[in-house]
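Take a look at the structure set out below.
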Amino acid sequence: MALQVGDKVPEVLGTDQNGNEIKISDFAGKKLALYFYPKDNTSGCTAEACSLRDGYDALKAAGYEVVGVSKDSAKSHQGFISKQNLPFNLIADTETTLQQTFGVWAEKKMCGRTYMGTLRTTFIIDENGVIERIIGPKEVKTKDHANQILAL
């Protein structure tokens with residue numbers, strides 16, 4: 001069952017690009033924008049990451065931290081962070097465990113082909129680790145995502 005608004009998120013979120021464990025308690029007292037995206041270095045995902053990068057100072061000033069999650073490997077994340085100069089961590093959810101917990105690993109269709117993939121979704125998590133808002137797959141504006149979060 002996918003996590004919903006009002007649910008407490010699991011303590012351990014996963015492992016970042018450097019092999020460090022990321023826990024929800026690391027963000028105690030801050031809001032967390034936990035965003036799930038399909039793939040490093042693709043056009044939409046790069047636009048979204050760059051929007052969050054460009055709005056990072058404003059997000060931090062508003063009390064947010066940002067963490068991205070995709071199925072990509074830690075090595076892929078390292079390259080993506082370096083290439084796009086991202087100031088936040090990316091969780092390497094290679095087994096899709098976190099994506100399944102949050103309900104964003106789902107069947108997708110493109111060009112008549114059906115496959116499993118990540119639904120681009122952002123979870124706004126409050127200072128106590130509870131989901132406050134979900135910006136769903138059809139709502140995320142990749143080029144203006146930071147402002148979209150700040151407008152909440």
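Here UniProt numbering is used: the first residue of the sequence shown is 1, the next is one more, and so on. For every residue, glycine included, the Cβ atom is placed at its ideal position computed from N, Cα and C. Only a predicted model underlies this, so the values are computations on that prediction, with no experimental measurement involved.
For residue i, count the other beta carbons within 10 Å of its own beta carbon; 16 or more makes it buried, fewer makes it exposed. Which is it?
i    : result
E48  : buried
A33  : buried
L152 : exposed
A28  : exposed
From residue i to residue j, what does the alpha carbon distance come to, in whole angstroms?
i    : j   : result
R133 : K75 : 30 Å
N89  : R53 : 11 Å
T15  : I91 : 5 Å
P87  : N20 : 16 Å
Within its chain, find whatever has a CB closer than 7 Å to the CB of residue i; leave out the 5 residues flanking it on each side and keep chain order.
i    : result
E107 : T114, M116
G63  : K30, K31
Rank the options by C-alpha distance to the C-alpha of residue i and give the top, closest one.
i    : options              : result
L98  : S82, L13, G136, G68  : L13
K138 : L119, I149, P87      : L119
N41  : T94, D144, D72       : D72
K39  : A28, F102, V140, V69 : V69
Between which residues of its own chain and residue i is the CB-CB distance below 6 Å, once the five residues before and five after are set aside?
i    : result
F123 : L34, I131, I134
Given residue i, which residues of its chain have a CB within under 8 Å of its CB, disregarding the five upstream and five downstream residues?
i   : result
Q84 : T46, A49, C50, R53
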